[in-house]
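Right, one structure below, let's go through it.
Numbering (the UniProt record's numbering), first residue to last: 1 to 201.
So, in structure tokens, the structure goes:
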């Protein structure tokens, strides 16, 4: 990871660890983050010709806060329980937007890098959410009613939570699983590179 993406990636870490204790919660944060970023980028591009350079930073702060507020209001209307579950992590998306803006991730020539960053964030959230929920509680899609509005939970139970690995449901367990996922990705990339070199020989 280069230096320009180190800070945005680090700012995503608390949200990654704090909301990935269930798959629904993790993917909800990713979708909310994506929507906030789209609103922020579209509004920023539309207003840029009208903003004096000296007022750029205050404008960006207001846009980031306003984008998060819009998504928060929509989420409260859709599912109050989900909004409460995401808590402070939804507000942190505004800080992530400001960091991405500072490093030029919303510039048209860096759009592919921004897409890869959000895609990687989504893959990590999905993987951690699935693994942590499955290992800790033995369920998949717990709290699905937050999306559907149904009365029942609608989760798939594979085994009793009493037999689960409760460490996976806590932040230290999330750190360990994240490390294993990143190590596995690195090992896969090294193996693919070595196989490519071997074939060329």
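Ideal placement from N, C-alpha and C gives every residue a C-beta, glycine not left out.
Could you name the residues that DSSP lists as bridge partners for residue i?
| i | result |
| --- | --- |
| residue 140 | 156 |
Alpha carbon to alpha carbon, what distance is there between residue j and residue i?
| i | j | result |
| --- | --- | --- |
| residue 66 | residue 28 | 19 Å |
| residue 249 | residue 54 | No statement about residue 249 is possible, as the shown extent of the chain runs from 1 to 201 and does not include it. |
| residue 91 | residue 103 | 20 Å |
| residue 231 | residue 122 | Coverage of the chain is limited to positions 1 through 201, which leaves residue 231 absent and any answer about it impossible. |
| residue 15 | residue 112 | 23 Å |
| residue 22 | residue 169 | 8 Å |
| residue 73 | residue 187 | 42 Å |
| residue 179 | residue 131 | 13 Å |
| residue 58 | residue 69 | 16 Å |
| residue 33 | residue 120 | 13 Å |
| residue 64 | residue 117 | 18 Å |
| residue 95 | residue 171 | 21 Å |
| residue 17 | residue 181 | 13 Å |
Would DSSP call residue i helix, strand or coil?
| i | result |
| --- | --- |
| residue 19 | coil |
| residue 170 | coil |
| residue 191 | helix |
| residue 14 | helix |
| residue 186 | helix |
| residue 79 | coil |
| residue 34 | helix |
| residue 164 | coil |
Is there at least one non-hydrogen atom of the ligand GTP closer than 6 Å to the beta-carbon of residue i?
| i | result |
| --- | --- |
| residue 77 | The ligand content of the structure shown is nil, which means the ligand GTP is not present either. |
Please list the segments of the alpha helix (DSSP H) lying wholly inside the stretch 83-146, counting only runs of 4 or more residues, in order along the chain. Here the runs fully enclosed are 88-102, 111-137.
Considering only residues of the stretch 39-83, which uninterrupted alpha helix (DSSP H) runs meet the minimum length of 4 residues and lie entirely inside it, listed in chain order? 56-78
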